[in-house]
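Take any residue in the sequence shown, count from 1 to its spot, add 119: that is its number in this note's numbering. In this text, a Cβ means the ideal position worked out from N, Cα and C, and glycines have one as well. Right, one structure below, let's go through it.
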Amino acid sequence: MARMARRILLTVVTVVAFLGFAAPAAGAHGIQGVESTNYRTRITGMTPRRDGLIIRVVEAGSRLELINRTDEDVVIFGYQDEPYLRIDAAGGVFANVRSPATYINADRSGSRQPPPDADPSAPPEWERIDDGLTARWHDHRAHWMGTKDAPPVRRSPGERHVVIPRWEVPIEVRGERVLVTGDLTWIPGTSSVPWLALSIAIALGIAGTAFTRRGVRALTLIVVLVVLVDMVHVAGKASAAAGGLAAGAGGVLSGSFFSLAGWAAGGLAVVLLLRRSDDGPFAAAFAGAVVALFGGLADIADLSRSQIPFAFGELVARMIVSWSLGAGAGLVLAAILRFRRNPAPKPAQGAFGDGGEGGEPVVP
120 MARMARRILL
130 TVVTVVAFLG
140 FAAPAAGAHG
150 IQGVESTNYR
160 TRITGMTPRR
170 DGLIIRVVEA
180 GSRLELINRT
190 DEDVVIFGYQ
200 DEPYLRIDAA
210 GGVFANVRSP
220 ATYINADRSG
230 SRQPPPDADP
240 SAPPEWERID
250 DGLTARWHDH
260 RAHWMGTKDA
270 PPVRRSPGER
280 HVVIPRWEVP
290 IEVRGERVLV
300 TGDLTWIPGT
310 SSVPWLALSI
320 AIALGIAGTA
330 FTRRGVRALT
340 LIVVLVVLVD
350 MVHVAGKASA
360 AAGGLAAGAG
370 GVLSGSFFSL
380 AGWAAGGLAV
390 VLLLRRSDDG
400 PFAAAFAGAV
410 VALFGGLADI
420 ADLSRSQIPF
430 AFGELVARMI
440 VSWSLGAGAG
450 LVLAAILRFR
460 RNPAPKPAQG
470 AFGDGGEGGE
480 PVVP
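Below, the structure written as structure tokens:
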């Protein structure tokens with residue numbers, strides 16, 4: 120019993136310490152900082168239309184993407200009508216280092232301040248920032264920038280609101296001005312209660328495997344499922360990033376280092392469980408804790424928001440988050456309960472009673 124108590128205490132302390140260290144990373148979990156939202160950014164028009172000029176909203180409205188296939192250079196203008204970005208027809212994306220937008224658009228929140236020499240009236244000074252024919256940028260004209268929700272949203276959050284009826288981004292192709300227009304709408308999300316209830320049911324169901332005759336086999340299968348579903352989760356988030364899976368994978372995995380640790384712990388847990396090692400349940404508990412945090416808790420807003428950056432659809436995203444939260448917590452509970460029900464065997468006793476000195480039987 121003492122060994123069991125020490126094992127459980129060690130597991131709990133390890134998981135708590137890990138989660139405490141990982142919590143700041145969980146707060147930044149996402150596709151380059153992209154999170155789900157109830158604000159929908161939409162492009163409504165391009166005047167005049169230009170063949171080969173493709174613009175779209177990416178990453179749940181966090182950025183705009185412009186692809187230049189016109190055989191002409193394209194210039195995107197900043198907030199003071201200054202040249203901001205240039206996409207060369209020969210391939211290459213350039214930023215005007217004198218444009219304040221170059222610095223303000225560096226992140227979703229617009230937190231970076233332009234340097235003193237950023238002068239929108241000065242001649243452009245172009246600096247190459249990327250290759251190819253595609254530019255992606257955080258355009259703060261196209262998404263909500265307030266620290267609080269828009270006033271009509273605060274008054275009636277359960278109703279749909281057109282927050283910005285018309286936003287505009289001017290661009291230029293061969294000296295001709297082209298105006299891209301769109302709108303920003305608040306679309307209420309759904310209740311998270313049913314999804315959280317599902318998570319609880321999943322957690323209790325998995326914890327119940329500790330009381331079954333084939334608990335180890337069931338635990339092994341659950342670990343495999345938890346890791347595979349979390350991989351699908353990461354792939355869906357990466358594929359929703361601008362540029363698709365190839366472009367988004369690096370950003371997601373670099374921001375989700377702990378997910379990789381969880382997958383490794385899951386693989387180790389499967390090996391140990393198949394070998395019937397006493398350490399198998401504890402490796403499973405560690406993997407479950409990581410997935411519950413990074414695959415569930417970090418994306419818990421997906422359960423209630425209407426705009427989710429996920430390639431396989433909002434319903435699948437909610438199902439995966441609910442599963443990850445419940446299954447991860449269930450693995451932790453199942454591991455602890457199983458060890459309580461199956462403590463490590465005591466050392467063998469002598470044939471006639473307690474062993475005496477040197478392990479020899481005590482003969483009365």
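The three-state secondary structure of T166, taken from DSSP, is strand. Using a Cβ distance threshold of 8 Å, F213 and W263 do not count as a contacting pair. Looking only at H280, R255, V288 and D397, the smallest Cα-Cα distance to I306 is reached by H280.
Here DSSP, grouped into helix, strand and coil, assigns E154 to coil. With a cut-off of 8 Å on Cβ pairs, the stretch 222-239 is in contact with the stretch 187-205, counting three or more such pairs. Straight-line measurement puts the Cα of I439 at about 32 Å from the Cα of G301. Short of 6 Å from the beta carbon of A430, and not among the five residues preceding or following it, lie these beta carbons of its own chain, in chain order: G355, S358 and A359.
Contact between T156 and R424 is confirmed by a C-beta separation of about 6 Å, below the 8 Å threshold.
Take P284, set aside five residues on each side of it, and the residues of its chain with a beta-carbon closer than 7 Å to its own are D302, in chain order.
Rounded to the nearest whole angstrom, the C-alpha separation of S318 and A417 is 14 Å. Secondary structure at W314: helix, using DSSP grouped into helix, strand and coil. The Cβ neighbour count for P400, taken over all protein chains shown within 10 Å, is at least 16; the residue is labelled buried. One alpha carbon belongs to I290, the other to R274, and they sit about 36 Å apart. In the DSSP assignment, D349 falls outside any beta strand (DSSP E) and within the unbroken alpha helix (DSSP H) covering G334 to S358. DSSP lists R205 and R247 as the beta-bridge partner residues of F213. When rounded, the separation of the alpha-carbon atoms in R395 and A388 is 10 Å.
The way I'd put it, the stretch 315-332 doesn't touch the stretch 158-174; fewer than three beta-carbon pairs between them come closer than 8 Å. Taking each of D258, K267 and A420 in turn and checking the Cα distance to L185, the smallest one comes out for D258. In the DSSP assignment, T221 falls within the unbroken alpha helix (DSSP H) covering P219 to I223. In this structure, I162 is the residue among G386, I162, G385 and F413 with its C-alpha nearest to the C-alpha of A261.
V346 is positioned such that its CB atom lies no closer than 8 Å to that of L450. 8 Å or more divides the Cβ of V272 from the Cβ of V288. Straight-line spacing of the CA atoms in P202 and P167 works out to 19 Å. For P400, the uninterrupted alpha helix (DSSP H) segment begins and ends at G399 to V410.
For R296, no alpha helix (DSSP H) segment is defined; the enclosing uninterrupted segment is the beta strand (DSSP E) at E295 to W305. Going by beta carbons, S443 and V351 fall outside the 8 Å limit. Around the beta carbon of D421, 16 or more other beta carbons sit within 10 angstroms, so the residue counts as buried. Around the C-beta of L323, fewer than 16 other C-beta atoms lie within 10 Å, and the residue is accordingly described as exposed.
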